[in-house]
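574 is the number that the working numbering gives to position 27 of the sequence shown; each next residue is one higher, with no gaps. Note that CB positions come from ideal geometry on N, CA and C, so glycine has one too. Note sheet for the following structure.
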Amino acid sequence: MFSTKDMVILGMMVFALFLGAGNIIFPPMAGYQSGTDWFSTSLGFIITGVILPFMTLVTVAVKGRGERLSVDLPKWVAVIFWVALYLIVGSTFAMPRVTNTAFEMGFIPLGFIEKSTTSHLTFALIFNVCSLFFMLKQGTMISAIGKFMTPALLILLVVVGIAVVAEPLSPINAPVKQYADYAFFGGVIDGYQTMDVLSAMAFGGIVARALASKNITQPRQVAFITIKAGLISVSLLAALYICLFYLGATSELVANTATNGGQIFSRYVDTLFGSIGTWIMCGIVLLASMTTLVGVTSACADYFATFHHRLGYRFWVVFFTLLTTIVSTFGLDTLLRVTIPALLMIYPSSVTIVFLQFARRYMAAPRVTYGITIAVIVFMSLLDTLNNMTLLSDNVKGFLVSNLPLFEQGMGWLIPGVIAFITSLFVGNLFCNKTVQLTDEKA
Numbered sequence: 548m549f550s551t552k553d554m555v556i557l558g559m560m561v562f563a564l565f566l567g568a569g570n571i572i573f574p575p576m577a578g579y580q581s582g583t584d585w586f587s588t589s590l591g592f593i594i595t596g597v598i599l600p601f602m603t604l605v606t607v608a609v610k611g612r613g614e615r616l617s618v619d620l621p622k623w624v625a626v627i628f629w630v631a632l633y634l635i636v637g638s639t640f641a642m643p644r645v646t647n648t649a650f651e652m653g654f655i656p657l658g659f660i661e662k663s664t665t666s667h668l669t670f671a672l673i674f675n676v677c678s679l680f681f682m683l684k685q686g687t688m689i690s691a692i693g694k695f696m697t698p699a700l701l702i703l704l705v706v707v708g709i710a711v712v713a714e715p716l717s718p719i720n721a722p723v724k725q726y727a728d729y730a731f732f733g734g735v736i737d738g739y740q741t742m743d744v745l746s747a748m749a750f751g752g753i754v755a756r757a758l759a760s761k762n763i764t765q766p767r768q769v770a771f772i773t774i775k776a777g778l779i780s781v782s783l784l785a786a787l788y789i790c791l792f793y794l795g796a797t798s799e800l801v802a803n804t805a806t807n808g809g810q811i812f813s814r815y816v817d818t819l820f821g822s823i824g825t826w827i828m829c830g831i832v833l834l835a836s837m838t839t840l841v842g843v844t845s846a847c848a849d850y851f852a853t854f855h856h857r858l859g860y861r862f863w864v865v866f867f868t869l870l871t872t873i874v875s876t877f878g879l880d881t882l883l884r885v886t887i888p889a890l891l892m893i894y895p896s897s898v899t900i901v902f903l904q905f906a907r908r909y910m911a912a913p914r915v916t917y918g919i920t921i922a923v924i925v926f927m928s929l930l931d932t933l934n935n936m937t938l939l940s941d942n943v944k945g946f947l948v949s950n951l952p953l954f955e956q957g958m959g960w961l962i963p964g965v966i967a968f969i970t971s972l973f974v975g976n977l978f979c980n981k982t983v984q985l986t987d988e989k990a
């Protein structure tokens, strides 16, 4: 029996798992830069930061594991994809970023110690080891996040949200940079940086295991409960993003010298609440960071444990905890810079795999459609990544900007991907018809 209380706890757990570093860092900066267009930008952000992850979560939960979305790809391609995905959302990019956010936004402002390499490493080690205790027993992890961490986090966020709406710090300025011409698509790209579709591929398995512990395994039941619980998370995340975008749009007073959205958020809260604001900020950041760190690292360990029976879940949890601690010493700004190229490379493939799963029933030859579509998506994503890293020649970039819609917005893969998908459907039909003809001739 899955009670209403269980539903709320599951929904709160999903919300807390998604509410990590990117969800706090990126919206304030995007809101500040988009100015009077902050609401349009926030809608674009919600598409890639809320709606797509929600769809992914439901799909993966019904399948039981994220890896089952890629059964129509060659096995070696699927393994490369999932290893890359778990490393990016895990200990090489996202989780060190979460640790650094907790350090710079949640601990240093308290003033107990000065920021230094030694204090940074010490905090990262303590923070990750504390998180490790929640990961070692998965049942304890789900209960702790859903029942205790999330309600405390929500209370703090509601206090900040009400204060921001009631007493905005500054008038809203005109948009800057890419937001002046492409506010909505700028928000879509910013939503990439939360990594939440990638995270949903991992979190879906956690939801499936939570439901299985209640003897709920039928796909229809899993889908129904995940949708209801997911809507709790969707509503809370969308409301939070809108508040954070508005916070950024009204942050001129404190945002002039900020290098990331985390600094804007921290200064804003300090200005509104004074010394108490520092403690509120500490609570929000530490709780948000720890819940995501626990969920993602647990999912990564669960996947890598499938490769060898002697290297089980506990081994990989400890390994990734240590790796996250080491990589986090590179600092928040550095990790933010290198995250975007990695995301532009793998995120389109992730979104495409989820879409292909929804469209699979209409495919005559799924392996053909998956192969052609993903190959084109990977190639176009590579061009987007090279462009972001300024590694394309002026001639190549000029040609792509002139002839490929959305290339300047970092979504040059979209139109070629759609064309490849439609073409692959026809190729798949031809392939099946040819196979049937050959079979008939042999008969």
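Contact between TYR739 and PRO574 is ruled out by a C-beta separation of about 13 Å, above the 8 Å threshold. Comparing alpha-carbon positions, the option among ILE969, LYS944, PHE973 and LEU972 lying closest to GLY959 turns out to be LYS944.
Boundaries of the alpha helix (DSSP H) harbouring HIS667: 664 to 683, taken from the DSSP string. For VAL816, the three-state secondary structure derived from DSSP is helix.
If you look at THR648, you'll find it in the alpha helix (DSSP H) that goes 641 to 648. Contact annotation: ILE900 and LEU616 have beta-carbon atoms nearer than 8 Å.
Annotated three-state conformation of VAL707 is helix, per DSSP. The stretch 552 to 568 makes contact with the stretch 761 to 781; the number of CB pairs closer than 8 Å reaches 3 or more. The Cβ atoms of VAL801 and GLY653 lie no closer than 8 Å to each other.
Your pair VAL645 and THR839 checks out as a contact, with CB atoms roughly 6 Å apart and the cut at 8 Å. For ASN935, the uninterrupted alpha helix (DSSP H) segment begins and ends at 913 to 935. In the displayed model, PHE954 falls within coil according to three-state DSSP, outside both helix and strand. ARG907 carries a helical assignment under DSSP once its states are collapsed to helix, strand and coil. Cβ-Cβ separation between ILE811 and MET576: approximately 6 Å, consistent with a contact (criterion under 8 Å). Look at the stretch 830 to 888 and you find no whole run of beta strand (DSSP E) that is 3 residues long or longer. Annotation: TRP960 is outside any alpha helix (DSSP H) and is labelled neither H nor E by DSSP. Rounded to the nearest whole angstrom, the CA to CA distance from LEU858 to PHE866 is 10 Å. A Cβ-Cβ separation of about 6 Å places SER746 in contact with VAL843 under the 8 Å criterion. Taking the C-beta atoms as reference points, LEU703 is found nearer than 8 Å to GLY830.
For PRO722, no alpha helix (DSSP H) segment is defined, and its DSSP state is neither H nor E. The continuous alpha helix (DSSP H) containing VAL801 extends over residues 799 to 802. Around the beta carbon of ARG814, 16 or more other beta carbons sit within 10 angstroms, so the residue counts as buried. Setting aside the 5 residues that flank it on each side, ALA713 has no residue in the same chain whose C-beta is closer than 6 Å to its C-beta.
When secondary structure is reduced to three states using DSSP, ASN807 falls in the coil class, being assigned neither helix nor strand. In the structure shown, the three-state DSSP call for SER550 is coil. In this structure, THR588 sits near GLY733, with a CB-CB distance shorter than 8 Å. Assigned with DSSP and collapsed to three states, GLY733 falls in helix.
Per the C-alpha coordinates, the member of TYR917, TYR726, SER845 and GLU799 positioned closest to GLY591 is TYR726.
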